[in-house]
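Take a look at the structure below.
Protein chains: 6
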Amino acid sequence: MRPDGRERDQLRSVRLELGYSRWAEGSCLIEAGNTRVLVTATVEDKVPPFVRGTGQGWIQAEYAMLPRATHERTHRESVRGRQQGRSVEIQRLIGRSLRASLYLERLGEKSIILDCDVLQADGGTRTAAITAGFMALWQALDVINQKARFEKPPIRGQVAAVSVGLKNGQVLLDLSYEEDVDIDVDFNLVRLSSGEWVEIQGTGEHRSFSNQQLSQVLALGADGLDTLNRLQRDAFPKGAGLIER
Amino acid sequence: MRPDGRERDQLRSVRLELGYSRWAEGSCLIEAGNTRVLVTATVEDKVPPFVRGTGQGWIQAEYAMLPRATHERTHRESVRGRQQGRSVEIQRLIGRSLRASLYLERLGEKSIILDCDVLQADGGTRTAAITAGFMALWQALDVINQKARFEKPPIRGQVAAVSVGLKNGQVLLDLSYEEDVDIDVDFNLVRLSSGEWVEIQGTGEHRSFSNQQLSQVLALGADGLDTLNRLQRDAFPKGAGLIER
Amino acid sequence: MRPDGRERDQLRSVRLELGYSRWAEGSCLIEAGNTRVLVTATVEDKVPPFVRGTGQGWIQAEYAMLPRATHERTHRESVRGRQQGRSVEIQRLIGRSLRASLYLERLGEKSIILDCDVLQADGGTRTAAITAGFMALWQALDVINQKARFEKPPIRGQVAAVSVGLKNGQVLLDLSYEEDVDIDVDFNLVRLSSGEWVEIQGTGEHRSFSNQQLSQVLALGADGLDTLNRLQRDAFPKGAGLIER
Amino acid sequence: MRPDGRERDQLRSVRLELGYSRWAEGSCLIEAGNTRVLVTATVEDKVPPFVRGTGQGWIQAEYAMLPRATHERTHRESVRGRQQGRSVEIQRLIGRSLRASLYLERLGEKSIILDCDVLQADGGTRTAAITAGFMALWQALDVINQKARFEKPPIRGQVAAVSVGLKNGQVLLDLSYEEDVDIDVDFNLVRLSSGEWVEIQGTGEHRSFSNQQLSQVLALGADGLDTLNRLQRDAFPKGAGLIER
Amino acid sequence: MRPDGRERDQLRSVRLELGYSRWAEGSCLIEAGNTRVLVTATVEDKVPPFVRGTGQGWIQAEYAMLPRATHERTHRESVRGRQQGRSVEIQRLIGRSLRASLYLERLGEKSIILDCDVLQADGGTRTAAITAGFMALWQALDVINQKARFEKPPIRGQVAAVSVGLKNGQVLLDLSYEEDVDIDVDFNLVRLSSGEWVEIQGTGEHRSFSNQQLSQVLALGADGLDTLNRLQRDAFPKGAGLIER
Amino acid sequence: MRPDGRERDQLRSVRLELGYSRWAEGSCLIEAGNTRVLVTATVEDKVPPFVRGTGQGWIQAEYAMLPRATHERTHRESVRGRQQGRSVEIQRLIGRSLRASLYLERLGEKSIILDCDVLQADGGTRTAAITAGFMALWQALDVINQKARFEKPPIRGQVAAVSVGLKNGQVLLDLSYEEDVDIDVDFNLVRLSSGEWVEIQGTGEHRSFSNQQLSQVLALGADGLDTLNRLQRDAFPKGAGLIER
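Pasting the structure below:
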């Protein structure tokens, strides 16, 4: 039995509020259990130097937690004068994951910046940020499309992410913070709606894992991701035309 | 006629959601028109060096905007490696204002840190942060009081804040961003519920102002602050015992 | 009786040394009692991005204290790697105050940077910096005028600043450090020579204040500012033609 | 055919020089093809705050590249004033991987800091750092053991790491930089000598991957890791007694 | 003929104003031609970690220029967030030079911090800072001595410094900025009043120099230093008892 | 007798490995006793702003130590967020010394950046960096020359550097760390192969020195530098044509 009474294979209740933010081209507030992440998408007509001249677009993510998103307050990164290593690692994952959802060459030389700010943390903030980040990105692409229609759908597939844990040989879907702190092995799985993986990160800092356990993890994660993909589609059905079939 | 149809002396609609944050000792999400600020209060059992040993408590504020709280995205301060001058100036104002609401010696050697994060900005974020900051502080004091009852009420009076502007000789209450950008003179008024002022900042960067205009500004501001004080009491009636009568 | 024997309404003795600095376009060393601030004005033929293309000029201030300007040595800000919040807040006030003294559109697309460095601090450094800053600015405008005569006088009026305090119901002009540390309410008043206010900052961190007290403060401050304006004119009579009448 | 003539399943030639550094408790210079990484291990008799009092030890890694380790010079991180996101992400991976190689509770409250400095980069620097990092750690544990014999072997198993790539459906072992830049999917695999995984990171930024491809990747990686584990044992046979059997 | 009409072997006119600063334990404003440097000495009852427990004292210097001390304004180091390399190099030289003037073991475990701030620069700011720094140090030692008399004189000898240049084979004493910018070889000479050298830095960035030229430089410098030592003694005759004979 | 058995006038054994680095235009690994420094030279087709438009080239050095190059680990400068003062001072010396070896106007508007990274420190790292830096620079000039032949040889002369110490009246060549820590006076001597000095830095922090001692130091240093110049020529005979005769 899990601390919050869920089954092993049960997601926390997820709510996606598209367009939470008035000024941003795209935005989504995700609530997954007690985890709340606000993602905004900003469209800019320029790309970083290493992309310039390639005709491709770019997606970049920034991730931060409000100081009291957590049980204990953490120092504000701007006051410390630098981002924590954990934030840097997470925002790189988010950026890679969402770049994988697009045909960057169909976007043209535009950047979309995804600001992922954790209002309240209870485990799974990075996966929530990816799932909501796709929504904010989708909405921003819709805004671009309304001004100048894309020749071909810019989206390769919906991207969503979920965590899976191994604890005493048991496989658990969508870990809360309480579960996460003493998990044996922790996976973050990022997948396209086609069923193909975009990123798999499995970390056995406290215990290692076998090929067989990995298979169980992927199977359980895939179920959760199917659900998340459906919730995404329900939240923004009018964006469907932007996805390549 | 004002851009959003309000009267000269009309506040924007204000909503105070006490306890928005699950982990913080106190919290309040304020929505004032399109401005949304989340304030959390964190209680710590230590005080800064310059207070240590005095038997007094301390209140400190930190203020930041999410990068896309505004029409144009601003750089994330943690990525730039430092806070903007504007943020520093504002958080110092918030800290002073809320320290003025307490008898710090009755708090004992505790710190309360107020994190004020602007989720969406449409003018008046610093005054909203003060008004909501008092709520978060009030709730945190209630939490402290439940563990160890204060001998005497720690609160001197409710603190709220409002902006007033001068434009072509007209006095306007509670400026939106659209009004603020080309105002002649801009005031931020911070007051106790007793009617005494805690802080008055009047800035005539584009035009100067006379003693008579100042009087009109203070009168109009006082009306708005009466309303805000009432909304505060409505949102947390059970905290009343913490205020000195 | 005040610690240094002054009357309630008496300024400290003020000395303005125009042109203290050999290389700067404008400069003024102000001594107000034991407070000594050196302000230099640097003219640059470019403006910040947010002004570019408007045809207007810009005035910007930077404020710092030498490490041993104070009783206790403070860490050098460059060694700590950042400015203190207090410095940032003060330099923003100085910048706003001096911008208010000019018709920025008559300056053309030029910047004037005012470096305000406190050699010795004994209270009132920010107001001294504004009063001396106007002198350095005035001299720099004279330098510009000698090269290319302004069509219309670029100065709206002389700007000076003074502090006023409330202590046990008494109103005191021009606080020394010793008085400032346990003042009840502290005002910084910035005014044009016309008698109109540019900035009023009243801070009742330790005690609040009434409308009536505010009136007394403004009246006493106005007297002090009249004196400072006269001293400014005496120190640079040849700059008079640069001021709009 | 691969650019350097290797077979699909062929490692680059690997050389491990144990004890390269005269002062460090442990050190290893690894050369894998043209990639050269120097890892030193420093033993300290203190642990970070979050470990203090637990009786456990801690392993921490820092990773950097010399500015001209690469084809193009990169800015020196100390001159830019901060580490790059990539460095932060990599050093967190190295730290986790090597903590997984130990029974931290058998180490006692000691820290071992692994400094991983890339002298020359040609792909696979993070996996080389892990493989060499285990060697430096092993040697440092031997130094500790000589002073005060461990009651039980502190090492759970040898840790090594290797990269595997997917390109046009083909699986390639141990990517050089030239191969890495346009790979479809890139894996970093970290494993104990027991055959259990410590960390799996698969990143399909440019293309996604299926469960079946993942299986092929893991099988090929396992072969390479067997070889690396053998090279490690050959380079430090006298350390064998420190590993739990 | 030199630009300011001096002879080859002529110092600029030097003025030492001891006790310029009201709060510091020691202070000296030096004017050497148009160069003006304010040095303050702060006494602290603690020493850096590497000295702690040795019974010795420590002298540390910090050097900075006001932004408009120079012909062109330089960025304020605190705003840039770091000291310039030049400042760091200079303050290390000043610290070494003044440590050499003392018997640090006679000082006891105290630090004296010398803040050297250049108000106006016209060449020779580092040598001026050393010459004035000795004065500020001397005065601070006198303050210490008044509270608790030193058993033995803490000063080994007066330290002063001067620059010498080589230009087209000519040797020039005490370079102004105008001379310094296109000098062939530039020397900074630091000496005890005994005639022994404390530091010699000769830099032939644009041209190299021979042993014979070096001898001429040292002879000319020694004459200038004799004069500076005499000016120092004239400015603080009552400190003589602190110097070992 | 010296700790490592050398004679007073004996260099440590020196090894110069030219071309250690595969990607850099020039590189040299120097081993001088236990000191190991890797210097790489990077050629860039741009110069700093203060050189732009002069037709001259520029040489710039950066110096750092690996954290465990020393007996005790030092904090990584990139993690602390800034370079140490010592590093800054040293890299400025290296830059000046190597600029002195060239006719910068014959280089044209190119920069050569010399990255000097200390892999292992045992005294004399700055002088080793200069001696090896000249080698890396020489090789980089050869690379430039192969693409577009220099009209006139760009090198004025070989630059090498050595340390000399004074201890109890004895003069010692090429100090190891053990000797350096309690030396009386420490010299770093930089010389052209012509016999003319480029930079002399003598620091008597613990004891002062006389003119006569200085002469002895220079004579002994000159002998060591002759040897180093010969080793340089032996290591890269084919570069001889680049040096003006």
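Chains as they are written, first to last, in UniProt numbering: chain A, 1 to 245; chain B, 1 to 245; chain C, 1 to 245; chain D, 1 to 245; chain E, 1 to 245; chain F, 1 to 245. A virtual CB, placed ideally from N, CA and C, is assigned to each residue, including glycine.
Query - One or two residues paired with A:Trp197 in a DSSP bridge - result: Paired residue(s): A:Arg191, D:Phe209.
Query - Minimum Cβ-Cβ distance from E:Ser78 to chain C less than 9 Å - result: yes
Query raised in the report: Counting contacts by CB-CB distance shorter than 9 Å, is E:Ala64 in contact with chain C?
Result: yes
Query - Minimum Cβ-Cβ distance from D:Gly202 to chain F less than 9 Å - result: no
Query - Contacts around F:Ala235, its chain only, beta-carbon distance under 7 Å, and the 5 residues preceding and following it disregarded - result: Leu16, Leu18, Met135
**Report entry** Residues of its chain near E:Lys167, where Cβ-Cβ distance is below 7 Å and the 5 sequence neighbours each way are ignored
**Finding:** Ile183, Asp184
Query - Proximity below 9 Å, CB of E:Thr70 to CB of E:Ala121 - result: yes
Query raised in the report: Just reading off the beta strand (DSSP E) that C:Ile112 is part of, what are its end residues?
Result: For C:Ile112, the enclosing beta strand (DSSP E) covers residues 111 to 120.
Query raised in the report: Would you call the CB atoms of C:Thr131 and C:Leu228 closer than 9 Å?
Result: Result yes, Cβ atoms of C:Thr131 and C:Leu228 sit closer than 9 Å.
Query raised in the report: According to the Cβ coordinates, are C:Gly85 and B:Arg156 closer than 9 Å?
Result: no
Requested in this report: At 7 Å on the CB atoms, spell out the chain C contacts of B:Gly85, in chain order.
Outcome: What B:Gly85 touches in chain C: Val88, Arg92.
Query raised in the report: Between the stretch 137 to 161 of chain E and chain F, which residues of the former have a C-beta closer than 7 Å to a C-beta of the latter?
Result: none
Query raised in the report: Does the separation of the CB atoms of E:Ser111 and E:Lys46 fall below 9 Å?
Result: yes
Requested in this report: Under 8 Å by Cβ, that's how I've got E:Val159 and E:Val198 pegged, so tell me the actual separation to the nearest angstrom.
Outcome: 6 Å
Requested in this report: Mind checking which residues open and close the alpha helix (DSSP H) that includes E:Ala140?
Outcome: In the DSSP annotation of this structure, the continuous segment of the alpha helix (DSSP H) that includes E:Ala140 starts and ends at 125 to 147.
Report task. Kindly identify the DSSP beta-bridge partner or partners of B:Glu17. Result -> B:Leu29
Query raised in the report: Name the DSSP bridge partner or partners of E:Leu166?
Result: E:Val171, E:Val185
Query raised in the report: By how many angstroms is the C-alpha of B:Gln232 removed from the C-alpha of B:Cys28?
Result: 11 Å
Query raised in the report: C:Pro49 to F:Pro67, Cα distance in whole Å?
Result: It is roughly 41 Å from the alpha-carbon of C:Pro49 to the alpha-carbon of F:Pro67.
Query - Where D:Arg80 falls: helix, strand or coil (DSSP) - result: helix
Query raised in the report: DSSP state of D:Tyr103, grouped into three classes?
Result: coil
Query raised in the report: Which residues bound the beta strand (DSSP E) around A:Glu62?
Result: 58 to 65
**Report entry** C-beta contact flag for C:Thr35 and C:Gly108 at 9 Å
**Finding:** Not a contact, by the Cβ cut-off of 9 Å.
**Report entry** Where the beta strand (DSSP E) through E:Glu44 begins and ends
**Finding:** 35 to 44
Report task. Grab me the residues of C:Ala32's own chain with a C-beta within less than 7 Å of its C-beta, minus the 5 sequence neighbours each way, in chain order. Result -> Arg12, Val14, Gly124, Ala128
**Report entry** A:Ile243 versus A:Thr42 - alpha carbon distance
**Finding:** Answer to the nearest angstrom: the Cα atoms are 20 Å apart.
**Report entry** Whole-Å CB distance - C:Ile113 paired with C:Gln60, under 8 Å assumed
**Finding:** That belief holds up - the Cβ atoms of C:Ile113 and C:Gln60 are roughly 5 Å apart, short of 8 Å.
Requested in this report: Just the C-alpha distance for D:Lys147 and D:Leu141, rounded to the nearest angstrom, thanks.
Outcome: 10 Å
Query raised in the report: Between which two residues does the alpha helix (DSSP H) containing D:Asp180 stretch?
Result: 177 to 180
Requested in this report: Check A:Gly202 in the structure and name its three-state DSSP category.
Outcome: It is a strand residue.
Query raised in the report: For chain D, is any of its Cβ atoms less than 9 Å away from the one on A:Gly195?
Result: So yes, A:Gly195 belongs to the interface.
Query - Reduced DSSP secondary structure (H/G/I, E/B, other) of E:Val51 - result: coil
Query - Cβ-Cβ distance between F:Ala161 and F:Arg191 below 9 Å - result: yes
Query raised in the report: Are A:Arg8 and A:Leu220 closer than 9 Å when you measure CB to CB?
Result: yes
Report task. With DSSP as the reference, label E:Ala235 as helix, strand or coil. Result -> Three-state DSSP puts E:Ala235 in a helix.
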